[in-house]
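*Asks:* If you're matching positions, the sequence shown starts at 1 in the working numbering and goes up one per residue.
Just so you know, even glycine gets a beta-carbon here, dropped at the ideal spot from N, CA and C.
Next up is a structure, given as structure tokens.
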Amino acid sequence: WFCTIIYEMTFGSFSGFSASFPLLIKTVYGNFPDAPDPLTYAFLGPLIGSIMRVAAGPISDKTGGAILTHITGIGLFISVVIMVLAGLLTPESLEVFPYFVALMLFI
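Spelled out as structure tokens, the structure:
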């Protein structure tokens, strides 16, 4: 089960967020006037994810995959907590949209 959780946290979240990021933008921020176009941001998740896989490879080789996976897991958890507590999933205006995008891309 542990390996399944690790797989889901790494590749599963990469592919899942790539597919759901534009849908989440449309669902959460799409009802505002001048709402952002989700397709404008759709490529950012896969792009940053692919770049980070290449950039983090040498870091993982030096520190070890287990340590890096542990650190990124903590980062995922902290980002989600910030997103929920800051109200980025229940916005009252588009002013918080850049913070939402930044945290989603950090995840």
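How many angstroms separate the CA atom of S93 from the CA atom of V28?
*Replies:* Taking the first residue of the sequence shown as 1, we reach residue 93 at position 93. Taking the first residue of the sequence shown as 1, we reach residue 28 at position 28. When rounded, the distance between both Cα atoms is 11 angstroms.
*Asks:* Measuring CA to CA, which of A42, T10, Y99 and T4 is closest to G73?
*Replies:* Looking up residue 73 in the sequence shown gives position 73. Looking at the Cα atoms, T10 is the closest of the given residues.
*Asks:* Indicate the three-state DSSP secondary structure (helix, strand or coil) for E95 in the structure shown.
*Replies:* Taking the sequence shown and counting its residues from 1, the one referred to as residue 95 is at position 95. Correct three-state label for E95: helix.
*Asks:* Using a 10 Å radius around the Cβ and a threshold of 16 neighbouring Cβ atoms, would you call I59 buried or exposed?
*Replies:* Counted from its first residue, the sequence shown places residue 59 at position 59. It counts as exposed.
*Asks:* Return the chain-ordered list of same chain residues with a C-beta closer than 7 angstroms to the C-beta of L89, the five sequence neighbours on each side being excluded.
*Replies:* As a position in the sequence shown, residue 89 is number 89, starting the count at 1. Around L89: V28 and M83.
*Asks:* Below 7 angstroms between beta carbons: does that hold for P46 and S79?
*Replies:* Indexing the sequence shown from 1 puts residue 46 at position 46. Indexing the sequence shown from 1 puts residue 79 at position 79. No; because the gap between Cβ atoms is not below 7 angstroms, this pair is not in contact.
*Asks:* Quick check: what's the CA-CA separation for F43 versus S20?
*Replies:* Within the sequence shown, the letter at position 43 stands for residue 43. Within the sequence shown, the letter at position 20 stands for residue 20. Using only the alpha carbons, I get a separation of about 11 angstroms.
*Asks:* For T90, does the three-state DSSP call read helix, strand or coil?
*Replies:* Indexing the sequence shown from 1 puts residue 90 at position 90. Coil.
*Asks:* Note the first and the last residue of the continuous alpha helix (DSSP H) segment covering M9.
*Replies:* Translated into positions along the sequence shown, residue 9 becomes position 9. Run containing M9: none; DSSP gives neither H nor E here.
*Asks:* Does I71 pass the burial test, meaning 16 or more other C-beta atoms within 10 Å, or should it be called exposed?
*Replies:* Sequence index remark: in the sequence shown, residue 71 carries index 71 (1-based). By the neighbour-count rule (16 or more Cβ atoms within 10 Å), I71 is not buried but exposed.
*Asks:* Which whole runs of the alpha helix (DSSP H) in the segment 7-80 are 4 residues long or more, in chain order?
*Replies:* With a minimum length of 4 residues, the continuous alpha helix (DSSP H) runs that stay inside the segment 7-80 are 13-29, 38-41 and 44-63.
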